[in-house]
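In this note's numbering, the protein residues as written are 170 to 355. Beneath this line is the structure, given in structure tokens, with notes to follow.
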Amino acid sequence: MNQFSWDKHEKDKKYKVFISCAYPEDEQYKEALCSLGKDFLMVKTLRPGEIEMENPNHEEYIRRVTQGDYITPETVVVVLVGGKTFARKWVDWEISAALQSRLVGTFSGLLGICLPTHPDYGKTRFRAEIVPRRLVDNMNTGFAKFYDWTKDPDMLRLWVGEAFTRRVEAANRRDNSRAHMLESQA
Numbered sequence: 170m171n172q173f174s175w176d177k178h179e180k181d182k183k184y185k186v187f188i189s190c191a192y193p194e195d196e197q198y199k200e201a202l203c204s205l206g207k208d209f210l211m212v213k214t215l216r217p218g219e220i221e222m223e224n225p226n227h228e229e230y231i232r233r234v235t236q237g238d239y240i241t242p243e244t245v246v247v248v249l250v251g252g253k254t255f256a257r258k259w260v261d262w263e264i265s266a267a268l269q270s271r272l273v274g275t276f277s278g279l280l281g282i283c284l285p286t287h288p289d290y291g292k293t294r295f296r297a298e299i300v301p302r303r304l305v306d307n308m309n310t311g312f313a314k315f316y317d318w319t320k321d322p323d324m325l326r327l328w329v330g331e332a333f334t335r336r337v338e339a340a341n342r343r344d345n346s347r348a349h350m351l352e353s354q355a
């Protein structure tokens, strides 16, 4: 039996995703992911400066991202993890936004994808210190998963679908207890 056999409802489902990545280093992978998922992803993303803030802080940024409908309870946040992603405060804040409590009682899904530009790409183990810490916290609890980059749209659909399901089924395992990054490190 083909591992990618979905019923018609799942095959036709479109998922809302918010792509978080280190900009501009990983922009090409964001574009490639959009192209790969064009038939089943509805993508939202932010570029630096898109949300104007005089004195940016994590509370205000998260409020604007969630109230601006970039990240909603029906969204899966896909973190593209390249060589510098772990050091970006915006990525940390976007992951935190996915894990915030919602009025309807659900949270966004969370998925990490290791890019070919990451030092641990293709290895059986990754070094937690070079992956966004809040993502690692949620991988450790089972709320989030981490995969190597793929060019297979069926695999991407499977990963996003699983993260979408985990947002409800594993909501009690999400971990947003880490202090927010205050400055980008690279």
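Using N, Cα and C, we set each Cβ at its ideal position, and we do this for glycine too. Source: prediction; values computed, not measured.
Below 8 Å on the Cβ atoms is my contact criterion, and I expect residue 317 with residue 291 to pass it. Report the Cβ-Cβ distance as a whole number of Å.
Residue 317 to residue 291, Cβ: 6 Å. Contact.
Alpha carbon to alpha carbon, how far is residue 294 from residue 342? Give it in angstroms, no decimals.
For residue 342 and residue 294, the gap between their C-alpha atoms comes out near 22 Å.
Could you tell me which residues DSSP pairs with residue 247 in its beta bridges?
Answer is 188 and 280.
Residue 333 - containing alpha helix (DSSP H), residue span
Residue 333: member of the alpha helix (DSSP H) spanning 322 to 338, first to last residue.
How long is the line joining the alpha carbons of residue 329 and residue 287, rounded to whole angstroms?
C-alpha of residue 329 to C-alpha of residue 287: approximately 21 Å in a straight line.
Please report the residue range of the beta strand (DSSP E) in which residue 268 lies.
Going by DSSP, residue 268 is part of no beta strand (DSSP E) but of the alpha helix (DSSP H) stretching over 258 to 268.
Distance, residue 260 Cα to residue 310 Cα
Between residue 310 and residue 260, the alpha-carbon positions lie close to 19 Å from each other.
Give the DSSP-derived three-state secondary structure of residue 317 in the structure shown.
In this structure, DSSP gives residue 317 an extended state, which the three-state scheme calls strand.
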